[in-house]
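With the working numbering, the residue at position 21 of the sequence shown is 21, and numbering never jumps. Each remark here refers to the structure printed beneath this line.
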Amino acid sequence: MTHQTRVQDVYGAVKLLFYALFRVGLGSIPPATFLTVIVQACVYLRLFSLPWSKPEEACVSVAGVLFKGEWPRIFYGAIEHGDSMHLCYNMVSFMWKGINLEEKMGTVPFFCVICLLTVLTGAFMVGLNYLLGTYVDAIFYERCIIGFSGVIFAIKLLDNVKYPAQTRNIFGVSVSLPSGYAVWLELLFVQLMAGNNCSFIGHLAGVLAGFVYLGVVRPIFDLMWLVLVETPRRAVYYILGRH
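Structural data, given as structure tokens:
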């Protein structure tokens with residue numbers, strides 16, 4: 001991308017993002033969602049110094065993460081984007097889901113979930129590409145992924161399963177599906193529509209990360225909370241109540 005093209009792309013990103021923010025309404029965007037959007041916009045606009053200079057130095061790949069030991073790429077790749085449309089599409093999609101989930105979960109828990117899902121999604125990206133590189137073609141070791149869309153798919157799954165609704169909106173079409181099925185339909189639909197312009201592995205990694213969070217991580221956290229916090233607190237209340 002030439003300097004002039006980059007300047008035009010940045011200008012377009014600023015216009016589109018500000019339009020989306022004000023269209024939604026700044027006052028209606030909760031803190032963690034707003035912070036996530038602003039940080040990724042600032043990263044794309046290069047408003048502060050970054051540990052990488054090009055997307056190729058931040059993207060998530062088997063070669064970068066496993067072979068070179070550059071583990072921070074799991075975070076770097078999630079908040080880096082290829083162009084203004086990539087950034088704006090992801091941020092608008094995330095805003096609507098973030099507003100819905102953060103209001104139900106609370107700001108701090110939602111922010112922690114975002115961080116955890118980012119790690120899980122990145123880990124699955126590396127794992128899936130490693131398996132493909134080992135058993136299909138070694139080129140998958142070099143396959144690099146950037147963008148927040150994998151995490152968005154994980155968040156979408158949480159929203160569908162944890163807070164089920166009768167219908168879900170998929171690209172403007174209302175569909176009635178059991179909880180958790182809509183995200184699979186959207187995964188296939190996005191791939192068919194975008195083809196090679198989107199990362200099926202990245203999106204699939206997000207869906208798998210969502211399932212792992214719901215089926216493994218969340219139950220473990222709930223058990224730890226019960227054993228380490230709730231049970232001692234109830235015991236203290238019981239003892240104090242007897243006196």
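Quick reminder that beta carbons are idealized off the backbone N, C-alpha and C, glycines included. Note that this is a predicted model, so its numbers are computed, not measured.
From glycine 77 to glycine 122, what does the alpha carbon distance come to, in whole angstroms?
For the purposes of this step, residue 77 is taken as residue 77 along the sequence shown, with counting starting at 1. For the purposes of this step, residue 122 is taken as residue 122 along the sequence shown, with counting starting at 1. Answer to the nearest angstrom: the Cα atoms are 8 angstroms apart.
Within its chain, find whatever has a CB closer than 8 angstroms to the CB of glycine 82; leave out the 5 residues flanking it on each side and keep chain order.
Taking the first residue of the sequence shown as position 1, residue 82 is located at position 82. For glycine 82, where only same-chain residues beyond five positions count, the Cβ hits under 8 angstroms are Pro55, Ile146, Gly147.
Residue interval of the alpha helix (DSSP H) (run including leucine 103):
Numbered from 1 along the sequence shown, position 103 holds the residue referred to as residue 103. One point to set straight first is that residue 103 is glutamate, not leucine, in the sequence displayed. First-last of the alpha helix (DSSP H) with glutamate 103: 84-105.
With DSSP run on the structure shown, which of helix, strand or coil describes valine 60?
Taking the first residue of the sequence shown as position 1, residue 60 is located at position 60. Note: valine 60 maps to strand in three-state DSSP.
What does the Cβ neighbour count give for isoleucine 152, buried or exposed, with the cut at 16 atoms within 10 Å?
Mapped onto the sequence shown, residue 152 falls at position 152. Looking at its Cβ environment, which holds 16 or more other Cβ atoms inside 10 Å, isoleucine 152 is buried.
Nonlocal neighbours in the same chain, by C-beta distance under 8 angstroms from histidine 69, ignoring five residues either side
If you number the sequence shown from 1, residue 69 lands on position 69. Looking at the sequence provided, one finds glycine at residue 69 rather than histidine. Same-chain partners within the cutoff: there are none.
Assuming leucine 45 contacts methionine 91 (C-beta within less than 8 angstroms), just tell me the rounded distance between them.
Position 45 of the sequence shown, counted from the start, is the residue given in the question as residue 45. Position 91 of the sequence shown, counted from the start, is the residue given in the question as residue 91. Their Cβ separation, rounded to whole angstroms, is 12 angstroms, which puts leucine 45 and methionine 91 out of contact at 8 angstroms.
If you run the structure through DSSP and keep just helix, strand and coil, what is isoleucine 145?
For the purposes of this step, residue 145 is taken as residue 145 along the sequence shown, with counting starting at 1. Looking at isoleucine 145 - three-state DSSP - the assignment turns out to be strand.
Does the beta-carbon distance from leucine 50 to valine 43 come in below 8 angstroms?
Numbered from 1 along the sequence shown, position 50 holds the residue referred to as residue 50. Numbered from 1 along the sequence shown, position 43 holds the residue referred to as residue 43. Against a cut-off of 8 angstroms, the Cβ pair of valine 43 and leucine 50 comes out as a contact.
As assigned by DSSP and simplified to three states, the class of valine 151:
The residue labelled residue 151 in the question sits at position 151 within the sequence shown. Of the three classes helix, strand and coil, the one that applies to valine 151 here is helix, per DSSP.
Give the secondary structure of methionine 50 by DSSP, where H, G and I count as helix, E and B as strand, and everything else as coil.
The residue you call residue 50 lines up with position 50 of the sequence shown. The sequence as given places leucine at residue 50; methionine does not occur at that position. Residue state, collapsed to three classes: coil.
Using only the alpha-carbon positions, how far apart do phenylalanine 200 and valine 229 sit?
Taking the first residue of the sequence shown as 1, we reach residue 200 at position 200. Taking the first residue of the sequence shown as 1, we reach residue 229 at position 229. Straight-line spacing of the CA atoms in phenylalanine 200 and valine 229 works out to 40 angstroms.
Supposed close pair valine 161, leucine 120 - CB separation, criterion 8 angstroms:
Taking the sequence shown and counting its residues from 1, one reaches residue 161 at position 161. Taking the sequence shown and counting its residues from 1, one reaches residue 120 at position 120. Valine 161 to leucine 120, Cβ: 15 angstroms. No contact.
Any idea if phenylalanine 67 is buried or exposed, counting beta-carbon neighbours within 10 angstroms, 16 or more meaning buried?
Against the sequence shown, residue 67 aligns to sequence position 67. Under this definition phenylalanine 67 is an exposed residue.
Among Thr36, Cys144, His86, which one has its Cα closest to the Cα of alanine 63?
Taking the first residue of the sequence shown as 1, we reach residue 63 at position 63. The candidate whose alpha carbon is nearest that of alanine 63 is Cys144.
Do three or more CB pairs link the segment 133-143 to the segment 85-100 at distances below 8 angstroms?
no
Quick test of your reading: glycine 241 and glycine 150, contact by CB under 8 angstroms. State the CB separation rounded to the nearest angstrom.
Sequence index remark: in the sequence shown, residue 241 carries index 241 (1-based). Sequence index remark: in the sequence shown, residue 150 carries index 150 (1-based). With 8 angstroms as the limit, glycine 241 and glycine 150 do not qualify as a contact, their Cβ atoms being about 49 angstroms apart.
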